[in-house]
Structure formats: structure tokens, C-alpha cells
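Input: a single structure, listed below in C-alpha cells.
Residue numbers (our numbering), protein chains in the order written: chain A, 1 to 396; chain B, 1001 to 1166.
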């Protein structure tokens, strides 16, 4: 098929899925945090608040975009644009699965493969700080300025351990392309331990995840928007869609960081068990989930969920049936299995992000800086040197 | 297609370069410089220097310019005050003379340089990280090490200057 047409289709699919995910990620976050705090979270709009993201989008679009009179107009309007564009662009180099062949078309489940893909993500994320810094500065408000300054200092500091943590698996796999990185992690030690980088590089993985929290300005490193000190930090003066842009950028950055962590350390779309067994895992999970949902939905004590839970259960069983059908269609099986494991790993990491937000308090600013420069940076450096030594000793 | 992309980003680079000098506000100038670097990175990418393009974005646009912007924001530097009015006649005459001067210089450069073949986009294959690494540690080992020592000295100097008096 025409390269341009194929790319357009893939870009449209990825953009649609990504934007929907971003909207629902916020719903998931509110639900999970709600349950951590013994609340129910959004519940009014649609069953279990499922239409809440839609309502939020409509609200944000129809709100009046206030342009304060004291701001630097050009940069004030430019900042959210920079933030959201740079946050969304990284997804272009993230592969979701292996090469597939549908009829006459053979393509990768990826928008484009740069042979400097990992550097591309680093470059984009290092430029992403301008959105926050400019937004804080152009707002002409002391809280916003403090938020912007904190954010740029924090992102410069944590970029170093992040890059050093990434460099260690690069040394192991000897490549800068995400695809080859995932290929390197295929196979099993002793027949059952997956050859993921997370096992030899457990220190690097921890450093990467911690620095990832700081890079995405999430709790416990959300100093740029610390509510009880800075009102709302760099986006105090923003409203309507420009506020939504900052919000979307934060969630998109979260997805990027977790996707990169999955690809570099957790084996991308490689299953954690050897091939014949791993194919049954999704079916078992979805069948069990569906049965539990149906059982609870038909329980007389749960009158409010009389329809929603059985419906959810049926959807789960349907997905399980889809996985079952895929045993007869090889292409479908490749796609579904890759997506299941890749999204599963990303989902677990995203859950970790939300879980930490519901659990840990915020750092103080000097603690944040000291932690980056005195703990994380030397640790990442030692990790990189040790990896380099091992690679040098084992290679011929 | 390649020529079109080249013209677009070369144009952006030149525009941002002019804007860098013409802007009165330091933040605007810094952002123009980032624009220049970004479009240069894209031109490198087009010429096959992928690693250089990524390094340009990470090091210059992502690290050095962030520090610039950070310092400008921290000092809260305002717009530069233009002190004296340049007479209109001088301004237009200056523009004409500048154009003539630039034309003269470009003519001389073109006359002095040896005849070169036109650039072919996609012909250069030595821009990968592996190729650059190999070159750095074989052919250009001495300059590379000397630069590292220079940077190390700069770091030590920064530490000495920033150290608290005990």
C-alpha cells in the first residue's frame, strides 16, 4: 500500500487511541485515588462516572478562555501549545508490537522507527520544559513564576539520572532503536526467566522510574504546582482549553515515560512466560474478571449495579472470546498478544504512578534537589560504570 | 520534496536568527535562538547526521538554553530600553548598504571557494551513533580527550567559585 496512506491511517488510529486514553486515564486516576481515600470517586455522570471524561471535555471546551490583562500575550498563548505538542510527539517513535502482515500489507505496529528513537524521546522531553517555564513566566504572577522556575530547575536536575539510567540498557543491547531493544530482550534464561533488562539493571530501572516521577512533575515531586504553597503553580492563570492543554501534557508525559520504561526495561511486548503458556493468560484473566463481575452483579445486595456489572462482565467475556478466536487467526493473535502484554505493563506502571500519588507526601524543595544530586546522580553513574565494566569484560 | 523541506527550515532558521537580534526582550531572543537550533537540528537530520541532530536538541536546546532561560527568568530582566532614535534616512540608507555589503561578501566567498558538487540528501551514511563513536575514539581521540579535560577544568572552576566560604 501507499506509504503515505498507511502512515496516515496509523497516525489517525494512534492519535485517537492516545487521546481517548488520556481522557480516561484521568477518570482512572480519580477512581483509584478515591478508593485509596475510602471514597467512590466520580459516580454521577454515567454508570460509575464512566462518562465523566466526556463531561469534562465539554466543560473545558465551552468555558470562556480568560486572557488576563497583565500577561505577556504571545508567550502566554504559546506555552500550553508547546507543552502539549512536545508531550504528544514522542508517541510517534514508540513501537506497540512486532511486524504484522494483513493481506498484502506488511507493517510494524509503530508509526516510525528512527534508529535514534531513544535519543529522540530524550530530546523531545528535554525541550518540553519550555512549556512549563514559559507558562509560569508569561503569566506575570509570582506564584506562577516560582512554579516555572522550580519546574525548570527540577527537570534539568532529574534529566541527568534519567539519561544515565537509560544509557545502561543501551550499553547492554548496543542499539538506540526501540525495536532492536525489544528484540534483544526476547528469550528466557533457564527456560523461564524472561531476559528483560530489569533483572540485570534493577538499580537503573528504579532510578529511571524515580526520575520519571520528577520529569512528569508528579507527586512526590510535584513542587511546580504545589497547591498549598503556590496556588496552582505555573498554570494558575490559565483557564479553559489552555489549562486543559497543560493537563493533557502531564498525562501524555506519563504515558511516554511508562512506555519507555516498558520498552527499555520490561521487554516491551514480550510475554513474561514462554510462548505456549503465555497465550492462555489473557483468556484466563478476562474470563475470571467477567465471571466475578457477573457474579457480583447478580447478587441481590448490589441493586445499583444490577445492569452495569453484568454488562461489564459480558464485555470481559467477549474480549476473552476474541482472544480465543485469535488462536485460529495468526495475525489477530500476534496483534492482540503484543497489545495485551505491552498495555498491561504500561497499565501497571501507570497504576504505580497513581498509587504513589495517593500514598506519599510531597518533598520539600531542598530535599528534592539534594536527593537528585547526592543520591540519584552518583548512583546512576556507578550503575553505568558497572554495566560498562561487565559489558567490556563479557564482549569478545 | 527534500528541497522544499530544506527551504522551509532554512527560512525558519534565518527568520529566527534575525528575530534573535531584533527582539528587545531577552526571553524572546532566547526563544529565537532555540528556534534556530531546532531548525538546524532538522537540517542535520535531513543531511543524514541523526546523532548530531539529537545531540543538538538535547545539549543545546534542552540543557544550555534552559539554563539561559532560567537565569533570565530568575533575574527578571525586562525589555531592553532603546536609548536613541535613529533618523529615518540613516535607517534606510543602512539597510541598502548592508544588503550591498552582504552581496559583496557572498560574491567573494563564492569566487574564492573551489567548485563543489551539489549536496545530495540521503547520500551521507556516516551519521549514526556507532560511526561517530568509532571516529571519536580512533581518528579524533586527541581532540576529544583534550576537550574532556577542558570541560573538567571548567567544572572544577565552577565548584571553586560556587563553594561557600568556610
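C-beta atoms are modelled at their ideal positions from N, C-alpha and C, and glycine is treated no differently.
Query, Result
"Considering only the alpha carbon of each residue, which of 246(A), 88(A) and 192(A) lies closest to residue 134(A)?", "246(A)"
"Give me the subset of the segment 89–112 of chain A whose CB atoms are less than 8 angstroms from a CB atom of chain B, sorted by chain position.", "none"
"Report back the beta-carbon spacing between residue 242(A) and residue 65(A) to the nearest angstrom; my notes put them in contact at under 8 angstroms.", "6 angstroms"
"Three Cβ pairs or more, each shorter than 8 angstroms: is that satisfied between the segment 190–205 of chain A and the segment 269–280 of chain A?", "yes"
"Name the residues in the segment 1036–1055 of chain B whose C-beta lies less than 7 angstroms from a C-beta of chain A; which are they?", "1050, 1051 and 1054"
"Nearest by alpha-carbon distance to residue 264(A): which of 16(A), 117(A), 53(A) and 21(A) is it?", "117(A)"
"Identify which residue in 372(A), 4(A) and 359(A) has its Cα closest to the Cα of residue 36(A).", "359(A)"
"Specify, as a first and last residue, the run of the beta strand (DSSP E) that residue 394(A) falls within.", "Element bounds for residue 394(A): not the beta strand (DSSP E) but the alpha helix (DSSP H), 377–394."
"Counting only beta-carbon separations shorter than 8 angstroms, does residue 1124(B) have a partner in chain A?", "no"
"Pick out the complete alpha helix (DSSP H) segments inside the segment 1019–1065 of chain B, 4 residues or longer, and give them in chain order.", "1026–1047 and 1050–1055"
"If you follow the beta strand (DSSP E) that residue 108(A) is in, where does it begin and where does it stop?", "105–109"
"Do residue 345(A) and residue 266(A) have their CB atoms nearer than 8 angstroms?", "yes"
"If you follow the alpha helix (DSSP H) that residue 312(A) is part of, which residue opens it and which one closes it?", "308–325"
"Just to confirm the assignment, what range does the alpha helix (DSSP H) spanning residue 282(A) have?", "281–298"
"Compute the Euclidean distance between the alpha carbons of residue 103(A) and residue 330(A), then round it to the nearest angstrom.", "12 angstroms"
"With a cut-off of 8 angstroms, does the C-beta of residue 1128(B) fall near any C-beta of chain A?", "yes"
"Buried or exposed for residue 157(A), please, with buried defined as at least 16 other CB atoms from any protein chain shown within 10 angstroms of its CB.", "buried"
"Please give the ranges of any alpha helix (DSSP H) in the segment 184–229 of chain A, keeping only runs that are unbroken, at least 4 residues long and fully inside the region.", "202–215"
"Note down, in chain order, every chain B residue with its Cβ under 7 angstroms from the Cβ of residue 14(A).", "By Cβ distance, chain B contributes nothing, its closest Cβ being about 21 angstroms from residue 14(A), past 7 angstroms."
"Opposite residue 100(A) in the DSSP bridges: which residues?", "107(A)"
"Three-state secondary structure (DSSP) at residue 341(A)?", "helix"
"Residue 1150(B): buried (16+ other C-beta within 10 angstroms of its C-beta) or exposed?", "exposed"
"Excluding the 5 residues preceding and the 5 following residue 314(A) in the sequence, name in chain order all residues of the same chain whose CB lies nearer than 6 angstroms to its CB.", "none"
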